[in-house]
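Asks:
In our numbering, the protein residues as written are 85 to 525.
Below, the structure written as structure tokens:
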């Protein structure tokens with residue numbers, strides 16, 4: 085077994101390997117390739133009135149962090165890469181914890197490795213002590229969730245490491261048919277010895293085939309091997325079968341059947357089969373606008389013990405607006421999923437949430453924004469329901485083309501049936517320095 089220090093070093097080597105792989109993949113591109121780098125330096129002062137996220141005996145603190153990083157991009161006719169990294173050093177005025185460091189880093193590589201064949205590598209790494217920082221990574225253009233983040237509850241200021249990496253190959257066959265293969269690896273490490281340290285390995289594959297212009301089918305399967313330090317390891321096999329009927333090129337109905345079998349390594353932990361037939365529709369309005377809704381019934385058949393069952397609905401809606409002086413986005417999602425790999429291991433969860441953001445440019449150099457999200461979680465196997473709210477607003481000023489001064493506030497609330505509630509108010513002032521144009525080479 086490796087020590088935590090050795091494991092951290094191994095994870096950084098993995099990220100370095102992915103970067104080297106990106107260079108290898110783009111080594112055969114044309115001379116028209118474009119390389120850009122945007123350096124970013126910032127200093128941030130944060131005040132929180134509940135630094136440990138507790139219900140009673142709350143403690144406030146001032147937190148200072150200084151970061152220096154940037155965004156590196158590469159683009160050619162057949163390949164591209166985006167790599168962002170923002171290492172920061174953090175210290176607390178009232179010594180809520182010792183000084184520490186944070187590192188969010190995101191790597192996204194794509195390459196057309198053969199005609200109609202696309203390879204994509206995505207990696208999201210995070211080291212932080214901030215319970216609020218592990219949020220989903222969402223594409224600004226499409227609203228697709230690239231990394232899920234953590235929706236479970238975290239308190240205190242101990243550091244944690246997370247990494248979510250995927251390697252995926254998509255192959256287009258004919259005009260409408262396609263196949264894919266993917267491998268997902270994620271890990272989580274905690275400063276505290278009783279944390280939910282885990283590793284997940286999940287190969288998957290699937291295809292879409294149209295029998296004619298109106299009728300088609302989609303099938304996919306995934307195998308998951310999950311390893312935990314403080315709870316039982318498991319194997320999970322899942323598959324999805326779907327029959328779809330097009331009414332127009334953008335609108336279709338579908339019927340779907342999902343199944344998975346979870347088998348724990350420990351005999352004293354109950355295994356189960358899970359069945360979930362459903363039906364719904366999807367409508368692709370445009371690249372920046374979509375909606376899908378459906379309803380179904382789930383049945384969780386435990387090998388031993390009481391079964392769980394009931395109706396559920398699922399949905400996915402996204403819309404982005406771009407006008408002269410303002411932009412806005414709205415993302416809503418609902419559905420069933422397993423929630424085992426975050427700060428808490430809670431099993432099956434039905435969740436519904438909405439996220440919104442609006443930015444308005446008062447002048448060329450002065451803007452304001454408001455944002456908010458709400459998430460409801462029903463943890464089926466834990467008899468627990470969580471309501472989480474987060475709303476805020478901010479102002480930004482650009483005194484020069486390379487300097488931004490921003491002031492933001494948000495209110496963060498947890499209302500739970502099975503864990504201690506909390507309310508946090510947080511405000512911060514941030515100075516950011518970056519060139520108005522990226523460096524090209």
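Even for Gly, the Cβ is constructed at its ideal location relative to N, Cα and C.
With contact counted as at least three CB pairs below 8 Å, one residue from each stretch, are the stretch 284–296 and the stretch 225–235 in contact?
Replies: no
Asks: Residues in the same chain with beta-carbon distance under 6 Å from residue 510, minus the five sequence neighbours each way, listed in chain order, please.
Replies: Taking the chain shown and counting its residues from 1, one reaches residue 510 at position 426. 132 and 494.
Asks: Below 8 Å, how does it come out for the stretch 334–343 and the stretch 303–316: are there three or more Cβ pairs, yes or no?
Replies: Cβ pair count under 8 Å is below three, so no.
Asks: Which residues share a DSSP beta bridge with residue 328?
Replies: Numbered from 1 along the chain shown, position 244 holds the residue referred to as residue 328. Partner(s): 300 and 338.
Asks: With respect to the beta strand (DSSP E) encompassing residue 262, which residues constitute its N-terminal and C-terminal limits?
Replies: One-based indexing of the chain shown puts residue 262 at position 178. Segment 261–274, the beta strand (DSSP E) holding residue 262.
Asks: For residue 124, does the three-state DSSP call read helix, strand or coil?
Replies: The residue labelled residue 124 in the question sits at position 40 within the chain shown. Here residue 124 sits in strand by DSSP.
Asks: If we count the other Cβ atoms within 10 Å of its Cβ and call it buried at 16 or more, is residue 193 buried or exposed?
Replies: Mapped onto the chain shown, residue 193 falls at position 109. The residue is buried, with at least 16 neighbouring Cβ atoms inside 10 Å.
Asks: Counting only the same chain and skipping the five closest in sequence on each side, list residues whose C-beta sits under 8 Å from that of residue 452.
Replies: Within the chain shown, residue 452 is the residue found at index 368, counting from 1. Excluding residues within five positions, the ones whose Cβ falls inside 8 Å are 443, 444, 446, 477, 478, 479 and 480.
Asks: Report the rounded CA-to-CA distance for residue 112 versus residue 157, giving the unit in angstroms.
Replies: Numbered from 1 along the chain shown, position 28 holds the residue referred to as residue 112. Numbered from 1 along the chain shown, position 73 holds the residue referred to as residue 157. For residue 112, the pLDDT reaches just 47, beneath the cut-off of 50, and the residue's location in the model is therefore unreliable, leaving the point undetermined.
Asks: Contact check, residue 281 vs residue 273 under 8 Å by CB: the rounded distance?
Replies: Position 197 of the chain shown holds residue 281. Position 189 of the chain shown holds residue 273. So it is a contact: roughly 6 Å between Cβ atoms.
Asks: Give me whichever residues DSSP pairs with residue 174 in a beta bridge.
Replies: Position 90 of the chain shown holds residue 174. Residue pairing by DSSP places residue 174 opposite 149 and 184 in a beta bridge.
Asks: Tell me which residues share the same chain as residue 152 and place their Cβ nearer than 6 Å to its Cβ, disregarding the 5 neighbours each side in the sequence.
Replies: As a position in the chain shown, residue 152 is number 68, starting the count at 1. The residues are 125.
Asks: Output needed for residue 293: all residues of its chain with C-beta closer than 7 Å, excluding positions within five of it in sequence on either side, in chain order.
Replies: Within the chain shown, residue 293 is the residue found at index 209, counting from 1. Correct list, in chain order: 261, 300 and 301.
Asks: Taking just the CA atoms, how far does residue 467 sit from residue 502?
Replies: Locating residue 502 in the chain shown gives position 418, counting from the first residue. Locating residue 467 in the chain shown gives position 383, counting from the first residue. Between residue 502 and residue 467, the C-alpha separation is close to 8 Å.
Asks: Can you say whether residue 523 is buried or exposed, counting buried as having 16 or more other CB atoms within 10 angstroms of its CB?
Replies: Position 439 of the chain shown, counting from 1, holds the residue named residue 523. Here residue 523 is exposed. Its C-beta has fewer than 16 other C-beta atoms within 10 Å.
Asks: Measuring straight from C-alpha to C-alpha, what distance separates residue 172 and residue 220?
Replies: As a working mapping, residue 172 is identified with position 88 in the chain shown. As a working mapping, residue 220 is identified with position 136 in the chain shown. The alpha-carbon atoms of residue 172 and residue 220 are separated by roughly 20 Å.
Asks: Going by DSSP in three states, residue 387 sits in which element: helix, strand or coil?
Replies: Translated into the one-based positions of the chain shown, residue 387 becomes position 303. Note: residue 387 maps to coil in three-state DSSP.
Asks: How far does the beta strand (DSSP E) with residue 397 in it extend, from its first residue to its last?
Replies: Taking the first residue of the chain shown as 1, we reach residue 397 at position 313. Here the beta strand (DSSP E) through residue 397 covers 392–406.
Asks: Can you have a look at residue 165 and say buried or exposed, based on whether 16 or more other CB atoms are within 10 angstroms of its CB?
Replies: Position 81 of the chain shown, counted from the start, is the residue given in the question as residue 165. Buried: at least 16 other Cβ atoms inside 10 Å.
Asks: Could you compute how far the alpha carbon of residue 182 sits from the alpha carbon of residue 413?
Replies: Within the chain shown, numbered from 1, the residue matching residue 182 stands at position 98. Within the chain shown, numbered from 1, the residue matching residue 413 stands at position 329. The straight-line gap separating the alpha-carbon atoms of residue 182 and residue 413 is approximately 38 Å.
Asks: Can you check the stretch 206–266 for any beta strand (DSSP E) of at least 3 residues that lies completely inside it and give the ranges in chain order?
Replies: Taken in chain order, the whole beta strand (DSSP E) runs of length 3 or more contained in the stretch 206–266 are 229–231 and 244–257.
Asks: Pull the bridge partners of residue 129 from the DSSP assignment, please.
Replies: Taking the chain shown and counting its residues from 1, one reaches residue 129 at position 45. In DSSP, residue 129 forms a bridge with 148 and 513.
Asks: Given that a residue counts as buried once 16 or more other Cβ atoms are within 10 Å of its Cβ, and exposed if not, what is residue 405?
Replies: Start at 1 with the first residue of the chain shown, and residue 405 comes out as number 321. Exposed, by the Cβ-count rule.
Asks: Taking DSSP as the reference, what is the three-state secondary structure of residue 523?
Replies: As a working note, residue 523 is residue 439 in the chain shown. It is a strand residue.
Asks: Using only alpha-carbon positions, find the residue among 206, 332 and 222 that is nearest to residue 247.
Replies: Stepping through the chain shown from its first residue, residue 247 is reached at position 163. The residue with the shortest Cα to Cα distance from residue 247 is 206.
Asks: In whole angstroms, what separates the C-alpha of residue 329 from that of residue 377?
Replies: In the chain shown, residue 329 corresponds to position 245, counting from 1. In the chain shown, residue 377 corresponds to position 293, counting from 1. If you take the alpha carbons of residue 329 and residue 377, they lie about 15 Å apart.
Asks: For residue 514 and residue 148, what's the separation of their Cα atoms in angstroms?
Replies: Working through the chain shown from its first residue, we reach residue 514 at position 430. Working through the chain shown from its first residue, we reach residue 148 at position 64. One C-alpha to the other measures close to 10 Å.
Asks: With a CB to CB cut of under 8 Å and the five nearest residues on each side skipped, what residues in its chain are close to residue 146?
Replies: Counting from 1 along the chain shown, the entry for residue 146 is found at position 62. Hits under 8 Å: 129, 130, 131, 176, 177 and 178.
Asks: Taking 8 Å as the cut-off, decide whether the C-beta atoms of residue 486 and residue 462 are in contact.
Replies: Position 402 of the chain shown, counting from 1, holds the residue named residue 486. Position 378 of the chain shown, counting from 1, holds the residue named residue 462. Cβ atoms of residue 486 and residue 462: not closer than 8 Å.
Asks: Reducing DSSP to helix, strand and coil, say where residue 361 ends up.
Replies: On the chain shown, position 277 is the one that residue 361 refers to. Residue 361: strand per DSSP, three-state reduction.
Asks: Quick check on the burial criterion: 16 or more other C-beta atoms within 10 angstroms. Buried or exposed for residue 360?
Replies: Residue mapping note: residue 360 aligns to position 276 of the chain shown, counting from 1. Buried: at least 16 other Cβ atoms inside 10 Å.
Asks: Can you check DSSP and say which residues form a bridge with residue 200?
Replies: By 1-based counting over the chain shown, the position of residue 200 is 116. Residue 200 pairs with nothing; no bridge assigned.
Asks: Between which two residues does the beta strand (DSSP E) carrying residue 282 extend?
Replies: Walking along the chain shown from the start, residue 282 turns up at place 198. Per DSSP, residue 282 belongs to the beta strand (DSSP E) from 282–294.
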